[in-house]
Amino acid sequence: MEAIILLGGPGAGKGTLAEELMRQAGYLHVSTGDMLRAAVQSGSEVGREAKPCMEAGELVSDSIILKIIKERIKQEGPEAQFMFDGFPRTMDQAKALDVLFAEIGGTISHVFNLMVLSETLLARLTGRRVCKSCGAVYHMANKPPKQEGVCDVDGGELYQRADDSEATILNRLEIYEKQTAPLIDYYQKKQLLRDINASGTMAETDAAVMNVLNT
Ligand code: ADP
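Just so we're on the same page, the numbering used here is the position in the sequence shown counted from 1, plus 23.
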């Protein structure tokens, strides 16, 4: 079992990049944010617990995250290649992943550090719109749908995530700096960190990552 990790602040483009990498390199996209949003929609126990934290832009507890990650990994065989998007997000999650992989024989091959200026992050997040039915991601200025408010893929309605309001975004950026940015150093020390300039276009970011994967 192998995994790559996409690390980067909210709005760094992890989800969009992950959709591309899934197509081009066959990695299984595992987004804890997507899994939690699905849980909230279904009204499951995990969803009920996660909802208030997510709406406030706070982190969901490590125990819930580890539970959903373990369940997801169990669904695949030993040959699986995962791409973690939004996980790990705290030092405790990173350490728990190391323990889990030591138990089941998994290896982390690369940790991509998507680097974007915080002004850019704010602009990306406030303009973000998501399809209600398929989850496809748009941006009002950078990647508008052909018809306003309608998904190009399946005609679903586009909406703004509850946690994409400006106040919540600032909270998420702060939490990223405090809780997630320390992972950069953690993976640097393990020589797994690959810095990627993610301030350019999606195609440029994608090419930079593919370049590392192909060497
Ligand atoms: P973004 O990267 O744009 O902030 P995500 O979709 O990855 O958004 O996550 C949305 C929310 O889900 C987070 O703000 C947090 O509340 C919760 N969440 C997702 N992944 C984790 C995680 N690994 N640990 C704790 N909370 C998480």
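Note that the Cβ used here is the ideal one computed from N, Cα and C, for glycine as well.
- Taking one beta carbon from each stretch, the region 114–132 and the region 45–53 have fewer than 3 pairs nearer than 8 Å; the two do not touch.
- Bridge pairing for aspartate 218: Asn136 [DSSP].
- Burial check for serine 86: the Cβ neighbour count within 10 Å stays below 16, so the residue is exposed.
- Assignment of beta-bridge partners to alanine 26 by DSSP yields Phe105 and Ile131.
- Runs of the alpha helix (DSSP H) lying entirely within the region 46–126, each at least 4 residues long, are 55–65, 68–79 and 85–97 in chain order.
- With respect to lysine 155, glycine 179 sits close: the two C-beta atoms are nearer than 7 Å.
- With a 10 Å radius around the Cβ and a threshold of 16 neighbouring Cβ atoms, serine 54 comes out buried.
- Looking at the DSSP output, tyrosine 209 sits in no beta bridge, so it has no partner there.
- Taking C-alpha positions only, proline 33 is separated from valine 83 by approximately 15 Å.
- Linking arginine 60 to arginine 95 through their CA atoms gives a straight-line distance of about 15 Å.
- Checking the 6 Å criterion, the Cβ of cysteine 76 is within range of a heavy atom belonging to the ligand ADP.
- Classified as exposed, proline 205 has fewer than 16 neighbouring CB atoms from the shown chains inside 10 Å of its CB.
- Less than 7 Å separates the beta-carbon of asparagine 220 from that of methionine 138.
- Looking at the backbone, the Cα of aspartate 186 and that of glycine 80 are separated by about 6 Å.
- Here the distance from the Cβ of threonine 55 to the nearest heavy atom of the ligand ADP is below 6 Å.
- At a threshold of 6 Å, proline 205 does not count as near the ligand ADP, since its beta carbon sits no closer than that to any of the ligand's heavy atoms.
- Around the beta carbon of arginine 152, a 10 Å sphere encloses 16 or more other beta carbons of the protein chains shown; the residue is thus reported as buried.
- Beyond the five residues adjoining it in sequence on each side, valine 134 comes within less than 6 Å, by CB distance, of Ile28, Leu30, Tyr210, Leu215 and Leu216 in the same chain, given in chain order.
- When the five nearest sequence neighbours on each side are left out, the beta carbons in the same chain lying within less than 8 Å of the beta carbon of leucine 51 are those of Met45, Glu99, Ala103, Gln104, Phe105 and Met106, in order along the chain.
- Not one heavy atom of the ligand ADP is found less than 6 Å from the C-beta of valine 122.
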